[in-house]
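Notes follow the structure.
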Amino acid sequence: MTDVVDPSSFAPRLTTTDLAGTVPDLLAAPPVRWGVLGAGDIAASFSAGVRERTASSVVAVGSRDLARAEAFTRAHAPGARTHGSYADLVADDEVDVVYVATPHSHHLEHALLAIRAGKHVLVEKPLTRSAREAAVVVEAARAAGVFCMEAMWTRFLPHVAALRSVIARGEIGEVVTVAADFDVLFAYDPEHRLFAPELAGGALLDLGVYPVAFAHDLLGAPSSITAAGTRAATGVDDHVAMILRYDSGAHAVLRTSSRSPGAAAATITGTRGRIEIPRQFLTPTGFRVVRADGSTAAFESPAGEGKAYEAAEVARRVAAGHVQSPRMTWQDTLEVMAILDEARRQVGVVYPGE
Numbered sequence: 015m016t017d018v019v020d021p022s023s024f025a026p027r028l029t030t031t032d033l034a035g036t037v038p039d040l041l042a043a044p045p046v047r048w049g050v051l052g053a054g055d056i057a058a059s060f061s062a063g064v065r066e067r068t069a070s071s072v073v074a075v076g077s078r079d080l081a082r083a084e085a086f087t088r089a090h091a092p093g094a095r096t097h098g099s100y101a102d103l104v105a106d107d108e109v110d111v112v113y114v115a116t117p118h119s120h121h122l123e124h125a126l127l128a129i130r131a132g133k134h135v136l137v138e139k140p141l142t143r144s145a146r147e148a149a150v151v152v153e154a155a156r157a158a159g160v161f162c163m164e165a166m167w168t169r170f171l172p173h174v175a176a177l178r179s180v181i182a183r184g185e186i187g188e189v190v191t192v193a194a195d196f197d198v199l200f201a202y203d204p205e206h207r208l209f210a211p212e213l214a215g216g217a218l219l220d221l222g223v224y225p226v227a228f229a230h231d232l233l234g235a236p237s238s239i240t241a242a243g244t245r246a247a248t249g250v251d252d253h254v255a256m257i258l259r260y261d262s263g264a265h266a267v268l269r270t271s272s273r274s275p276g277a278a279a280a281t282i283t284g285t286r287g288r289i290e291i292p293r294q295f296l297t298p299t300g301f302r303v304v305r306a307d308g309s310t311a312a313f314e315s316p317a318g319e320g321k322a323y324e325a326a327e328v329a330r331r332v333a334a335g336h337v338q339s340p341r342m343t344w345q346d347t348l349e350v351m352a353i354l355d356e357a358r359r360q361v362g363v364v365y366p367g368e
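In terms of the working numbering, the sequence shown opens at residue 15 and continues consecutively.
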């Protein structure tokens with residue numbers, strides 16, 4: 015299987031000798047042995063991506079509840095060893111890389127646990143609750159000489175590689191606006207992690223990190239941030255709009271909400287055209303290029319669990335002896351976290367212990 019951008023899917027003006035928006039064959043990435051820390055839904059989809067689409071394997075699963083780890087293993091990681099504590103998981107000699115899939119509030123603790131055990135680590139997004147905590151993880155990984163990456167899987171997907179290539183080729187001119195939203199309707203439940211301040215709940219960290227990271231990928235760190243939003247009864251944010259301004263004159267117009275459904279659409283507007291992603295920009299999807307002269311082109315991602323792409327990237331970097339990925343660097347994570355920090359500050363959300 016080779017997951018690459020197919021140049022034939024584009025109109026002639028996009029089909030030069032090589033469209034640079036390609037991603038490597040997933041199965042060509044070297045095999046690594048994953049240990050999954052946490053046994054929730056995200057861990058399940060990640061494990062499926064590893065098992066079904068890469069040469070790597072999930073060899074161990076850890077939970078604070080052994081029975082939960084055993085149930086997860088039977089359903090999502092057949093044959094993997096089970097551990098009834100996170101400490102036992104990171105101490106497993108057969109584990110090369112630990113995937114941290116616990117609530118945001120515990121990412122700092124669990125990432126450091128893995129790093130101090132000498133393990134490479136992939137930490138679910140956002141890396142931590144704040145840029146300050148993220149810097150602690152980064153410095154620990156740097157000191158230990160282990161690979162560490164935030165699991166912003168969108169950056170490794172075929173359609174993102176393709177649209178970045180379209181932009182680099184000048185097909186839409188200079189980018190002036192990036193608009194993106196990620197809204198999901200959740201019934202209000204003060205016991206749910208999304209509404210729990212002690213679990214670093216709120217739309218921004220759970221959902222808003224995607225449009226923010228998407229804009230950052232295309233435009234970098236902004237020169238100023240304006241945010242407005244509302245808070246749920248528990249005090250966490252539940253609806254936030256952001257405008258990011260850049261020295262180039264470009265803007266990002268972003269929105270996230272946990273109290274309304276949305277299409278997760280994105281539009282990248284340039285001086286000579288635009289790229290439209292009508293649905294789920296954060297997952298494997300398609301887009302349309304609309305040029306100023308009215309001509310169009312389209313791209314559609316290969317089907318399959320998208321978290322496999324980040325897993326394959328980790329495997330490639332670990333095999334090469336790298337400590338970070340050039341597509342999701344430590345600095346990228348720190349800059350995205352700083353944007354989220356400022357937006358959260360403007361909305362008035364403070365987590366316990368901050």
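For each residue, glycine too, the CB sits at the ideal point set by N, CA and C.
About 30 Å separates the CB atoms of Arg273 and Ser237; that is not less than 8 Å, and the two are not in contact. Here DSSP, grouped into helix, strand and coil, assigns Glu108 to coil.
The DSSP-derived three-state label of His206 is coil.
When Trp167, His206, Val226 and Phe60 are compared, the shortest CA-CA separation from Thr248 is found for His206. In this structure, the beta-carbon distance from Pro117 to Pro366 does not fall below 8 Å.
Looking at Arg331, Arg183, Glu66 and Ser271, the one whose alpha-carbon comes closest to that of Val361 is Ser271. Using a 10 angstroms sphere on the CB of Leu199, the tally of other CB atoms stays under 16, which defines it as exposed. For Asp55, the number of other beta carbons within 10 angstroms of its own is below 16, and it is reported as exposed. Of Gln338, Phe196 and Asp346, the smallest CA-CA separation from Pro292 is found for Phe196.
Only residues of its own chain outside the window of five on either side were considered, and among them Gly287, Arg288 and Thr310 have a CB closer than 6 Å to the CB of Val304, listed in chain order. Between the alpha carbons of Glu123 and Arg358 lies a distance of about 22 Å.
In this structure the stretch 55-75 touches the stretch 86-102; the number of beta carbon pairs closer than 8 Å is three or more.
When secondary structure is reduced to three states using DSSP, Gly54 falls in the coil class, being assigned neither helix nor strand.
Taking C-beta separations shorter than 6 Å and ignoring five residues to either side along the sequence, the partners of Val223 in its chain run Lys139 and Pro140, following chain order. At a cut-off of 3 residues, the continuous stretches assigned as beta strand (DSSP E) that sit fully inside the stretch 223-284 are 238-245, 251-259, 265-271 and 280-284.
In the structure shown, Arg305 adopts extended strand secondary structure according to DSSP, grouped into three states. Annotated as proximal: Leu171 and Ser315, with beta-carbon spacing under 8 Å. Burial is judged here by how many other beta carbons sit within 10 angstroms of a residue's own beta carbon; Asp307 has fewer than 16 and is exposed. Excluding its 5 nearest sequence neighbours in each direction, Ala193 has C-beta neighbours in its own chain below 6 Å: Val267 and Thr281, listed in chain order.
In this structure, Trp344 lies away from Val150, with their beta-carbon atoms at least 8 Å apart.
By the criterion of a C-beta distance shorter than 8 Å, Leu348 is surrounded in its chain by Ala145, Ala148, Ala149 and Val152, once the five residues flanking it on both sides are discounted. Of the candidates Ala334, Asp79, Ala235 and Val73, Val73 places its Cα closest to the Cα of Tyr113.
Look at His97 here: in three-state DSSP terms it is strand. For Glu349, the three-state secondary structure derived from DSSP is helix. Taking Arg65 as reference, the option from Val135, Gly49 and Arg130 with the minimal CA-CA separation is Gly49. Here Glu188 has Gly284 and Thr285 as same chain residues with Cβ atoms under 7 Å from its own Cβ, once five neighbours each way along the sequence are excluded. Between Val328 and Phe161, the gap from beta carbon to beta carbon is short of 8 Å. Per DSSP, reduced to three states, the secondary structure at Phe200 is coil, with no helix or strand assignment. Distance between Leu219 and Leu354, taken at the CA atoms: about 7 Å. Around Arg331, the same chain offers Phe161 and Ser339 as residues with beta carbons nearer than 6 Å, after the five sequence neighbours per side are excluded. Take the alpha-carbon of Gly52 and the one of Val75: they are about 7 Å apart. A buried status is given to Val180, since no fewer than 16 other beta-carbon atoms sit within 10 Å of its beta-carbon. 8 Å or more divides the Cβ of Ala322 from the Cβ of Arg47. Listed in chain order, the non-local C-beta contacts of Ala317 below 8 Å within the same chain comprise Pro298, local neighbours out to five positions each way being set aside. Take the alpha-carbon of Ala227 and the one of Leu103: they are about 30 Å apart.
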